[in-house]
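Written below as structure tokens is the structure these notes are about.
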Amino acid sequence: MDMQTLYVIGNGFDLHHGLPTQYKHFKDFLRTEDSEVYDWVDSYVPAENDWSDLEAALAYLDTDNIVSELEMFLASYSDENWSDSGHHDFQYEVDRVAIGLSRTLQAKFGDWIRSIGIPDRADVKTLLQGLDRSAAFLTFNYTSTLTKLYGVPTDHILFIHGDGAVEASELVLGHAWETKDRVSMQGSLDEEDHDHRIMEAFGTLDEYFESTFKPSKLIIQQNAVFFESLGSIREVVVLGHSLSDVDRAYFVALVEGLTAHPTWTVAVRTADEAPAKTQHLAAFGVPHERVVCRLWSEL
């Protein structure tokens with residue numbers, strides 16, 4: 028690419044423009060659309076009351092509580108009421124929860140994203156006057172805010188986690204805890220000493236962790252052309268990204284690809300946010316002296 032400016036867009040960008048895109052809004056949506064999955068998230072995923080840590084919390088699924096609450100379906104083989112028809116009840120119930128908190132949750136997340144309306148440009152009072160439409164954009168959002176409010180061409184935008192405006196686009200929602208970093212539940216059991224129904228259920232829960240993992244390294248590989256074409260960039264402007272560790276891999280890849288050692292301008296709501304933002308970028312490999320924090324109102 029020949030552009031000299033790269034914008035990195037996070038959820039704070041949509042919030043700045045008045046879109047209801049916080050996880051608490053997804054919580055309200057899911058409560059109405061699928062109360063069962065909503066209850067499972069509330070019971071088994073430690074996402075805080077407003078679900079602000081939902082993605083990271085998916086890695087800390089309360090598997091002990093799931094197994095404990097579903098043990099009622101694990102009838103003893105010696106029970107006088109035992110029947111072969113109930114042989115898979117426990118595994119079935121665990122599977123329902125695991126699928127609900129992975130595939131179904133992700134599908135409902137996509138439904139929610141696609142239900143969010145973009146306001147008319149004339150109705151938005153917080154437009155950024157200095158935004159360069161001809162720049163390159165890396166967005167972690169799923170919405171079409173850049174296109175509809177600023178007229179940014181879609182071929183200037185990389186939707187790293189999927190484009191909500193494209194029905195077939197897979198929207199990425201997940202944690203950053205790789206399989207190699209956690210002990211397999213099924214693998215921790217001695218097959219000879221445990222009920223094979225529990226073994227099967229634990230295997231299902233292992234699959235949950237795999238399916239809710241955000242494959243950042245693979246996504247970067249799939250978009251290698253983008254990350255390898257950043258040599259002309261002289262300024263990176265971060266708008267609304269929390270710079271949280273869940274997206275570390277992307278920022279490390281950016282820093283490696285930005286061979287011209289650009290300055291980083293970060294939008295902040297108050298000056299008090301500046302030290303933390305600078306420190307987060309430093310942890311990704313951006314030198315402190317190359318970071319400038321500016322208020323949203325100055326951009």
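Residues in the sequence shown are numbered consecutively from 28, following my numbering. Each residue gets a CB set at the ideal place from its N, CA and C atoms; glycine is no exception. A quick note: this is a predicted structure, and the numbers were derived from the prediction, not measured.
Euclidean distance between Cα positions of Asp-190 and Thr-181 = Residue 190 sits at position 163 when you count from the first residue of the sequence shown. Residue 181 sits at position 154 when you count from the first residue of the sequence shown. Going by the C-alpha atoms only, they are around 10 Å apart.
Buried or exposed for Tyr-71, please, with buried defined as at least 16 other CB atoms from any protein chain shown within 10 angstroms of its CB.
-> As a position in the sequence shown, residue 71 is number 44, starting the count at 1. By the neighbour-count rule (16 or more Cβ atoms within 10 Å), Tyr-71 is buried.
State the Cα-Cα distance for the pair Phe-100 and Tyr-177, rounded to the nearest angstrom.
-> Mapped onto the sequence shown, residue 100 falls at position 73. Mapped onto the sequence shown, residue 177 falls at position 150. The alpha-carbon atoms of Phe-100 and Tyr-177 are separated by roughly 55 Å.
Ignoring anything shorter than 3 residues or poking outside the stretch 56 to 81, list the beta strand (DSSP E) runs there in chain order.
-> none
Would you give the residue range spanned by the beta strand (DSSP E) that Phe-236 belongs to?
-> Mapped onto the sequence shown, residue 236 falls at position 209. Where Phe-236 is concerned, there is no enclosing beta strand (DSSP E), although the alpha helix (DSSP H) it sits in stretches over 223 to 238.
Do three or more CB pairs link the stretch 270 to 283 to the stretch 117 to 130 at distances below 8 Å?
-> Taking one beta carbon from each stretch, the stretch 270 to 283 and the stretch 117 to 130 have fewer than 3 pairs nearer than 8 Å; the two do not touch.
Helix or strand or just coil, what does DSSP make of Ala-83?
-> The residue labelled residue 83 in the question sits at position 56 within the sequence shown. Looking at Ala-83 - three-state DSSP - the assignment turns out to be helix.
Near the ligand NAP: Phe-311 beta-carbon under 7 Å from a heavy atom | The ligand NAP is not among the ligands present in this structure, which contains no ligands whatsoever.
Nearest to Ala-228 by alpha carbon, out of Asn-38, Leu-46, His-288, Val-94?
-> The residue labelled residue 228 in the question sits at position 201 within the sequence shown. For the residues Asn-38, Leu-46, His-288, Val-94, the minimum Cα distance to Ala-228 belongs to Val-94.
Kindly provide the ranges of any alpha helix (DSSP H) runs that are 4 or more residues long and lie completely inside the stretch 131 to 217, ordered along the chain.
-> Fully enclosed alpha helix (DSSP H) runs of 4 or longer: 132 to 142, 172 to 177.
Hey, out of Arg-317, Thr-286, Pro-289, Ala-287, whose CA is closest to Ala-301's CA?
-> Start at 1 with the first residue of the sequence shown, and residue 301 comes out as number 274. Nearest C-alpha to Ala-301: Arg-317.
Can you tell me whether DSSP reads Leu-42 as helix, strand or coil?
-> For this step, residue 42 is matched to residue 15 along the sequence shown. Correct three-state label for Leu-42: helix.
Return the Cβ separation of Leu-200 and Phe-117 in integer angstroms, given the expectation that the two are a contact with Cβ distance under 8 Å.
-> Translated into the one-based positions of the sequence shown, residue 200 becomes position 173. Translated into the one-based positions of the sequence shown, residue 117 becomes position 90. Rounded, the Cβ-Cβ distance is 28 Å, inconsistent with contact.
DSSP state of Ala-287, grouped into three classes?
-> On the sequence shown, residue 287 is found 260 positions in, with the first residue counted as 1. Residue state, collapsed to three classes: coil.
Under three-state DSSP, which class holds Ile-260?
-> On the sequence shown, position 233 is the one that residue 260 refers to. Coil, per DSSP.
Who are the Cβ neighbours of Val-151 in its own chain at under 8 Å, not counting the five residues just before and after it?
-> Along the sequence shown, one-based indexing puts residue 151 at 124. Only His-44, Gly-45, Leu-176 meet the Cβ criterion.
Any idea if Leu-322 is buried or exposed, counting beta-carbon neighbours within 10 angstroms, 16 or more meaning buried?
-> Translated into the one-based positions of the sequence shown, residue 322 becomes position 295. By the 10 Å Cβ count, Leu-322 comes out exposed.
Can you tell which of Ile-225, Tyr-169, Phe-186, Thr-131 has its C-alpha closest to the C-alpha of Leu-97?
-> Within the sequence shown, numbered from 1, the residue matching residue 97 stands at position 70. That would be Ile-225, whose Cα lies nearest to the Cα of Leu-97.
With a cut-off of 8 Å on the beta carbons, I'd call Tyr-169 and His-188 a contact; round off their distance for me.
-> Position 142 of the sequence shown, counting from 1, holds the residue named residue 169. Position 161 of the sequence shown, counting from 1, holds the residue named residue 188. Right, their Cβ atoms sit about 6 Å apart.
Are Leu-42 and Thr-239 touching if we call contact CB-CB under 8 Å?
-> As a position in the sequence shown, residue 42 is number 15, starting the count at 1. As a position in the sequence shown, residue 239 is number 212, starting the count at 1. Going by C-beta atoms, Leu-42 is not nearer than 8 Å to Thr-239.
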